[in-house]
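Reviewing the structure listed below.
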Amino acid sequence: MNRRNALKLGASALAGLYLSPLLGQSSILNAAKIDGPFQPAWDSLGKYQVPDWFRDAKFGMWAHWGPQCEPEAGDWYGRGMYEEGSRQYKFHVEKYGHPSKFGFKDVINIWKADNWNPEELVNLYKDSGAKYFMAMANHHDNLDLYDSKYQPQWNSTKVGPKKDIIAGWEKAARKAGLPFAVSVHAAHAWNWFDTSQGADKNGLLAGVPYDGKLTKADGKGTWWEGLDPQDLYAQNHELSAKPSGNSSVHSQWDWGDGASVPNSAYCEKFHDRTIDLIDKYNPDMVYFDDTALPLWPVSDAGLRIAAHLYNKSLQKNKTVQAVITGKILTEQQRKAIVWDIEKGQSNNIEPLPWQTDTCIGNWHYDRRLYDEKRYKSAKTVIHTLVDVVSKNGNLMLNIPVRGDGSIDELEHEIVKEIGVWMKLNSKSIYGTRPWKIFGEGPQQASAGALSAQGFNEGKGKPYTSEDFRFAQKDKKLYATVMAWPENGMAVIKSLAKSNSYHTEKIKQIKLVSTGEKLKFKQTEQGLEVYFPSQKPEASYANALEIV
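Residue numbering for the sequence shown follows this note's numbering, starting at 85 and increasing by one per position.
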């Protein structure tokens with residue numbers, strides 16, 4: 085379909101659809117009308133309103149878990165193992181053998197998930213304060229972790245653990261009374277797996293192709309006999325103009341910069357797989373690891389998926405209770421889906437609800453971080469949560485899961501410590517809304533600016549007792565002091581008598597964690613709050629309830 089013909093469709097189901105020049109490279113625009121008020125166009129999806137359950141929840145936990153966790157060698161293993169000379173390539177050759185002989189399909193085969201207890205993990209996360217739970221349904225490695233009608237061979241019920249991973253997570257989340265979310269990443273396998281088409285340039289096996297171009301006919305006498313590796317690797321196509329290296333795949337994330345553009349069959353298969361996931365497991369939220377929506381702007385598959393989910397939720401609930409997240413959104417797109425910022429935070433109160441997703445380690449389990457004790461601390465997680473909530477956001481926290489389905493004891497301790505703080509202070513988090521300003525103090529001046537989809541976390545100075553974050557609920561103002569004031573007093577300049585932000589008389593201040601009423605004095609310079617000599621548990625962030 086060329087650009088001119090595509091524009092003719094604008095008066096019907098595609099009204100408001102932004103037509104990128106990329107669209108002309110691929111004849112895959114589907115203009116079929118969808119049954120329901122939400123149509124596959126940005127202006128139609130822009131009628132969406134974020135449901136209160138998501139706005140009130142504030143804190144979710146995520147199991148970003150699949151076969152790439154089996155080697156316990158970090159994120160993007162299925163791509164990195166084919167990059168000659170890289171850390172993961174060297175690890176793979178030493179542990180498993182050369183990727184021409186033992187490819188990612190073979191990693192899937194040895195992944196058994198034999199210590200996975202979803203109910204135990206979900207209950208742990210709920211006890212730590214998580215109000216929704218998310219499980220990964222597939223990654224860029226293209227293996228569906230559910231009983232997938234449209235990926236019938238390469239899914240976790242047929243290979244690897246031979247278990248319906250999503251069904252197990254969903255059952256545990258429903259039993260725990262938590263909204264259930266799924267993360268979907270597989271739209272990018274087309275380019276992400278292009279390293280599997282390569283071969284070594286050096287050494288004894290120079291020129292011997294990796295296994296990314298194998299077909300069903302090559303499997304005779306192997307464990308994968310009868311399976312087609314191309315259904316997994318999706319590499320029966322020309323490489324991108326700049327095919328190698330992580331930098332090129334990042335620059336091509338929106339299918340520009342010389343990316344090989346997926347064909348219609350690939351886009352429609354992804355669409356059908358995702359609709360099947362939604363219809364089978366009824367997620368309350370779908371997280372897409374994509375610029376805007378999957379395959380946008382070369383296909384409207386993502387728009388059709390979004391319209392389907394919203395209409396399905398509307399029909400069931402009378403109002404749309406579903407949430408979809410996407411990255412690097414325009415102002416119009418932020419009205420249609422929830423903006424997700426990866427490993428970063430906004431530096432302002434956002435007018436619409438948003439989410440940051442981050443991790444205490446690497447996205448996929450990395451044994452090195454355990455050995456070197458380099459996980460994020462509970463203190464860092466709580467500071468992130470308080471900051472994000474003050475700016476109208478939610479925090480989605482990944483706890484990396486080992487290949488066998490368990491989490492290690494260091495992660496367990498961090499999760500439990502998060503729970504200690506949440507049990508004492510959660511009334512200052514759940515159900516709150518932003519105040520007139522998000523906070524004050526020296527830390528914000530050092531905060532890093534957002535770049536691309538995020539990645540500005542941890543760039544600011546450490547928080548001190550001069551840093552505050554605000555939120556409000558039920559005519560109460562919550563001011564969280566981001567460290568314990570060792571001198572016994574915190575001074576909130578935004579609440580000075582001379583400041584216009586808070587004009588009502590302050591009647592009472594409590595330390596939320598203990599319920600203790602605190603003495604205070606409001607002067608022209610600030611609100612002085614006098615702290616007790618005894619620190620409560622988890623005193624690295626101290627919520628004050630101001631009436």
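C-beta: ideal position from N, C-alpha, C; glycine also. Just so we're clear, the structure is a prediction, and the values are computed from it rather than from any experiment.
Asp551 and Ser530 have their alpha carbons spaced roughly 12 Å apart. Around Ser490, the same chain offers Asn199 as residues with beta carbons nearer than 6 Å, after the five sequence neighbours per side are excluded. Rounded to whole angstroms, the separation of the alpha carbons of Val473 and Ile513 is 7 Å. Taken through DSSP and simplified to helix, strand or coil, Arg452 comes out as helix.
Note on geometry: alpha-carbon atoms of Gly162 and Pro313 lie some 14 Å from one another. DSSP places Gly542 in the coil class of the three-state scheme, outside both helix and strand.
For Lys557, the CB contacts under 6 Å within the same chain, skipping 5 residues up- and downstream, are Gly515, Thr516 in chain order. Sixteen is the threshold: when 16 or more other Cβ atoms of the shown chains lie within 10 Å of the Cβ of Val422, as they do, the residue is buried. With respect to Ala273, His321 sits apart: the two C-beta atoms are not nearer than 7 Å. For Ser212 against Ile630, the beta-carbon gap comes to about 27 Å, at or over 8 Å, which does not count as contact. Counting along the chain, Thr468 sits inside the alpha helix (DSSP H) bounded by residues 462-474. The Cβ neighbour count for Tyr614, taken over all protein chains shown within 10 Å, is under 16; the residue is labelled exposed. Under DSSP, Gln606 forms a beta bridge with Leu611.
A Cβ-Cβ distance of about 7 Å is found for the pair Leu611 and Ala580, placing them in contact under the 8 Å criterion.
Minimum Cα-Cα distance from Ser383 among the listed residues Met369, Leu393, Thr414, Asp338 corresponds to Asp338. Given a length threshold of 3 residues, each whole run of the beta strand (DSSP E) inside the stretch 201-237 is given here in chain order: 216-222. Distance check between Lys463 and each of Pro546, Asn395, Ser617, Ala283 places Pro546 closest, using alpha-carbon atoms only.
Here Thr409 is actually not in contact with Tyr365; their C-beta atoms are around 17 Å apart, not less than 8 Å. Of Pro518, Lys427, Ser549, the smallest CA-CA separation from Pro526 is found for Ser549.
Taking C-beta atoms as the reference points, Gly305 and Lys326 fail to come closer than 7 Å.
Positions of the alpha helix (DSSP H) runs, each at least 4 residues long and wholly inside the stretch 167-205, are given as 171-179, 188-194 in order along the chain.
With respect to Ser324, Asn401 sits apart: the two C-beta atoms are not nearer than 7 Å. Shortest Cα-Cα distance from Thr607 to any of Ala318, Asn583, Phe554, Tyr394 involves Asn583.
DSSP places Asp424 in the strand class (E or B) of the three-state scheme.
Beta-bridge partners assigned by DSSP to Arg517: Gln556. Taking C-beta atoms as the reference points, Glu203 and Ala256 count as a pair closer than 7 Å. Distances from the alpha-carbon of Ile118 to those of Pro263, Lys520, Leu393, Phe604 put Leu393 closest.
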